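Trainee:
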Amino acid sequence: MKTKTNYRRATIQYRQSKIQNSKVDADLTKKVALSCQILAKLGQFKETTGHVSARSADGKNMWIRGRGKQESGLLFTKPSEVVLADFNGQKLNPKIVLKTPNESVIHGEIYKARPDVGGIVHAHPPSIVLASQAGIELRPIYGGYDPRGMRMAIKGIPVYQSSLTLHKVEHVREMMAVMADNDICILRGHGVVVCGSSVEDATIKAIKLDDLAKFNLQAALLGKVPAISPEDQHQFLTRKSTGMGGGGAETLWRFYTEWLKRT
Numbered sequence: 130m131k132t133k134t135n136y137r138r139a140t141i142q143y144r145q146s147k148i149q150n151s152k153v154d155a156d157l158t159k160k161v162a163l164s165c166q167i168l169a170k171l172g173q174f175k176e177t178t179g180h181v182s183a184r185s186a187d188g189k190n191m192w193i194r195g196r197g198k199q200e201s202g203l204l205f206t207k208p209s210e211v212v213l214a215d216f217n218g219q220k221l222n223p224k225i226v227l228k229t230p231n232e233s234v235i236h237g238e239i240y241k242a243r244p245d246v247g248g249i250v251h252a253h254p255p256s257i258v259l260a261s262q263a264g265i266e267l268r269p270i271y272g273g274y275d276p277r278g279m280r281m282a283i284k285g286i287p288v289y290q291s292s293l294t295l296h297k298v299e300h301v302r303e304m305m306a307v308m309a310d311n312d313i314c315i316l317r318g319h320g321v322v323v324c325g326s327s328v329e330d331a332t333i334k335a336i337k338l339d340d341l342a343k344f345n346l347q348a349a350l351l352g353k354v355p356a357i358s359p360e361d362q363h364q365f366l367t368r369k370s371t372g373m374g375g376g377g378a379e380t381l382w383r384f385y386t387e388w389l390k391r392t
């Protein structure tokens with residue numbers, strides 16, 4: 130009798146878990162689509178190139194923006210264009226017409242190696258492409274204006290030197306070796322790979338990185354623009370926050386989703 134009761138309880142828990150995962154996955158497809166739209170609107174994606182992904186609710190697969198003749202580009206990405214795939218880039222729903230991107234290996238290899246990562250952006254911001262080719266270092270030239278971007282610059286952002294598309298495992302692993310445990314890696318003359326704990330987190334990091342690159346490009350045109358002082362850098366990195374500042378990733382995500390509706 131006890132065995133039957135335990136079996137029923139386990140069956141109920143399994144079904145409830147499956148229902149919950151289904152709801153989470155449906156929400157993830159919407160977030161991936163929204164991220165594509167937001168970043169495209171901000172100019173980080175060119176036409177149909179680039180992609181965003183999310184780790185699936187069960188943690189074993191990924192939701193990634195699909196590619197194919199039927200697509201209309203990242204600015205117009207719909208949740209139905211977000212494809213479920215395994216970490217090897219194999220599509221898991223044969224009824225979906227769109228395919229996984231050639232560079233889905235970027236996402237899959239990172240998810241395999243980094244259980245802390247829940248969302249990934251691979252974008253092509255012109256600011257990053259130009260700054261990396263020009264050899265312009267992304268320095269902390271502002272502080273309180275945007276502490277998130279400033280901290281990225283202080284920590285330093287690794288640069289992968291090849292401009293080739295990353296559709297081979299060996300090349301992705303080379304990039305990951307350069308990236309190490311950082312959440313960002315600039316791909317010289319190509320774009321950027323940004324990881325986050327969620328789609329929202331990765332998206333906001335990509336936005337902050339783009340802003341940092343734009344400021345440094347403008348500073349390079351102006352001439353000698355100094356970084357903020359070492360004392361200020363130390364203070365920003367060590368002091369405890371006394372207020373909400375610009376808000377967390379969730380707050381900024383809400384801002385950009387509302388901004389998207391109104392533009």
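Numbering (this note's numbering), first residue to last: 130 to 392.
We put the beta carbon where it would ideally sit given N, CA and C, even for glycine.
Everything numeric in this text was worked out from a predicted model, so none of it was measured.
Can you tell which of Glu387, Ala356, Leu381 and Gln166 has its C-alpha closest to the C-alpha of Tyr271?
Mentor: Residue numbering aside, residue 271 sits at position 142 when the sequence shown is read from its first letter. Nearest C-alpha to Tyr271: Ala356.
Trainee: Could you give the DSSP three-state label for Asn135: helix, strand or coil?
Mentor: Here residue 135 corresponds to residue number 6 of the sequence shown, with the count starting at 1. Any answer about Asn135 is weak, because its pLDDT of 48 lies below 50 and its placement is not dependable; what the coordinates show is given next. Here Asn135 sits in helix by DSSP.
Trainee: Excluding the five sequence neighbours on either side, which residues of its own chain have a C-beta within less than 7 Å of the C-beta of Pro359, listed in chain order?
Mentor: The residue labelled residue 359 in the question sits at position 230 within the sequence shown. Same-chain partners within the cutoff: there are none.
Trainee: In three-state terms, what does DSSP make of Leu168?
Mentor: Residue mapping note: residue 168 aligns to position 39 of the sequence shown, counting from 1. If DSSP states are grouped into helix, strand and coil, Leu168 belongs with the helices.
Trainee: Use the C-beta contact count for Gly320: other C-beta atoms within 10 angstroms, 16 or more gives buried, fewer gives exposed.
Mentor: The residue labelled residue 320 in the question sits at position 191 within the sequence shown. By the C-beta density criterion, Gly320 is buried, having at least 16 other C-beta atoms within 10 angstroms.
Trainee: Note down, in chain order, each residue of its chain lying with its Cβ closer than 6 Å to the Cβ of Lys198, except the 5 sequence neighbours on either side.
Mentor: As a working note, residue 198 is residue 69 in the sequence shown. Contacts found: none.
Trainee: Any idea if Asp447 is buried or exposed, counting beta-carbon neighbours within 10 angstroms, 16 or more meaning buried?
Mentor: It is not possible to answer for residue 447, since the shown part of the chain is limited to 130 through 392.
Trainee: Considering only the beta carbon of each residue, do Pro287 and Met308 sit closer than 8 Å?
Mentor: Counting from one through the sequence shown, the residue named residue 287 turns up at place 158. Counting from one through the sequence shown, the residue named residue 308 turns up at place 179. Going by C-beta atoms, Pro287 is nearer than 8 Å to Met308.
Trainee: Just tell me which of Ala378, Gln290 and Gly179 has its CA closest to the CA of Glu303.
Mentor: Along the sequence shown, one-based indexing puts residue 303 at 174. Comparing Cα positions, the closest option is Gln290.
Trainee: Pick from Glu266, Asp187, Pro208 and Lys207: whose alpha carbon is nearest that of Asn345?
Mentor: To locate residue 345, count along the sequence shown from 1; it is residue 216. Out of Glu266, Asp187, Pro208 and Lys207, Glu266 has the C-alpha closest to the C-alpha of Asn345.
Trainee: Assign Leu248 to one of two classes, buried (16 or more other C-beta atoms within 10 Å of its C-beta) or exposed (fewer than that).
Mentor: Position 119 of the sequence shown, counted from the start, is the residue given in the question as residue 248. Sequence inspection shows Gly at residue 248; the Leu mentioned does not correspond to that position. Under this definition Gly248 is a buried residue.
Trainee: Closest to Tyr274 by C-alpha separation, out of Leu389, Thr392 and Asp361, would be which residue?
Mentor: For the purposes of this step, residue 274 is taken as residue 145 along the sequence shown, with counting starting at 1. Comparing Cα-Cα distances from Tyr274 to each of Leu389, Thr392 and Asp361, the minimum goes to Asp361.
Trainee: Round the Cβ separation of Ala161 and Ala186 to the nearest angstrom and send it over; I've been treating them as touching at under 8 Å.
Mentor: Here residue 161 corresponds to residue number 32 of the sequence shown, with the count starting at 1. Here residue 186 corresponds to residue number 57 of the sequence shown, with the count starting at 1. For the sequence presented, residue 161 should be read as Val rather than Ala. Cβ atoms of Val161 and Ala186 stay farther apart than 8 Å, at about 13 Å.
Trainee: What does the alpha-carbon distance come out to for the pair Val211 and Gly352?
Mentor: Start at 1 with the first residue of the sequence shown, and residue 211 comes out as number 82. Start at 1 with the first residue of the sequence shown, and residue 352 comes out as number 223. Whole-angstrom Cα-Cα distance: 44 Å.
Trainee: Output the boundary residues of the beta strand (DSSP E) element that contains Ala183.
Mentor: Position 54 of the sequence shown, counting from 1, holds the residue named residue 183. For Ala183, the enclosing beta strand (DSSP E) begins and ends at His180 to Arg184.
Trainee: What are the complete beta strand (DSSP E) segments, minimum 3 residues, inside the segment 243 to 311?
Mentor: 248 to 252
Trainee: By the three-class DSSP mapping on this structure, what secondary structure does Val322 have?
Mentor: Within the sequence shown, numbered from 1, the residue matching residue 322 stands at position 193. Strand.
Trainee: For Ile257, which of Thr158, Ala214, Val301 and Phe174 has the nearest alpha-carbon?
Mentor: Walking along the sequence shown from the start, residue 257 turns up at place 128. It is Phe174.
Trainee: With DSSP collapsed to three states, give me the class of Arg194.
Mentor: Taking the first residue of the sequence shown as 1, we reach residue 194 at position 65. Here Arg194 sits in strand by DSSP.
Trainee: Mind checking whether Lys220 and Ala214 have CB atoms under 8 Å apart?
Mentor: Here the question's residue 220 lines up with position 91 in the sequence shown. Here the question's residue 214 lines up with position 85 in the sequence shown. Against a cut-off of 8 Å, the Cβ pair of Ala214 and Lys220 comes out as a contact.
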